[in-house]
Amino acid sequence: MDNYNIIIKPLVTEQGMHFANTKNAYSFEVNKKANKVQIRNAVQQLYNVKVVDVRTANIKGKPRRRGRTIGYTKSWKKAVVVLHPDYHIDLF
């Protein structure tokens, strides 16, 4: 798995921007099969930063209805990456 397959997209939310400004922590949607070491290496190489900590969470799909049929949104994996205080990522 290469770096571009590990990091799917950055998550830009109000809470994510608050964490980026206060705790220097950035959120990403990552491949479900990626582990913390792979996520750390991918972020360091793609954004040229130094990663201090990686936290991951598996997000279950939510139930959705369309008429009488019940389905689910897709499940995905979220990674919160804490950077060294000297580094930051410009998402905009």
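Going from the sequence shown to the numbering used here is simple: count from 1 and add 123. All C-beta atoms, glycine included, are put in the ideal place defined by N, C-alpha and C. Because the structure is a prediction, the values reported are computed rather than measured.
Just reading off the beta strand (DSSP E) that R191 is part of, what are its end residues? No beta strand (DSSP E) contains R191, which DSSP labels as neither H nor E.
Chain D beta carbons: is any one of them nearer than 9 Å to that of P208? Considering every chain present, this structure includes no chain D. It has just one protein chain.
How should L214 be labelled, buried or exposed, when 16 other C-beta atoms within 10 angstroms of its C-beta is the threshold for buried? It is exposed - the Cβ of L214 has fewer than 16 other Cβ atoms within 10 Å.
Can you give, in chain order, each stretch of the alpha helix (DSSP H) that sits fully within the stretch 134-175 and has at least 4 residues? Whole alpha helix (DSSP H) segments, 4+ residues: 137-145, 159-170.
Backbone secondary structure at I131 - three-state DSSP: I131: strand per DSSP, three-state reduction.
I'd like to know whether the C-beta atoms of K185 and Y170 end up nearer to each other than 9 Å. No, Cβ-Cβ distance for K185 and Y170 is not below 9 Å.
Reference D125, options M140, H141, N164, V174, closest by Cα: Shortest Cα-Cα distance from D125 to any of M140, H141, N164, V174 involves N164.
Closer than 8 Å is the cut-off here; do at least three beta carbon pairs connect the stretch 140-152 with the stretch 203-211? Proximity of the stretch 140-152 to the stretch 203-211 meets the contact definition, three or more beta-carbon pairs being nearer than 8 Å.
Note down the Cα distance separating P208 from K155, rounded to an integer number of angstroms. Cα to Cα, the separation comes out at about 28 Å.
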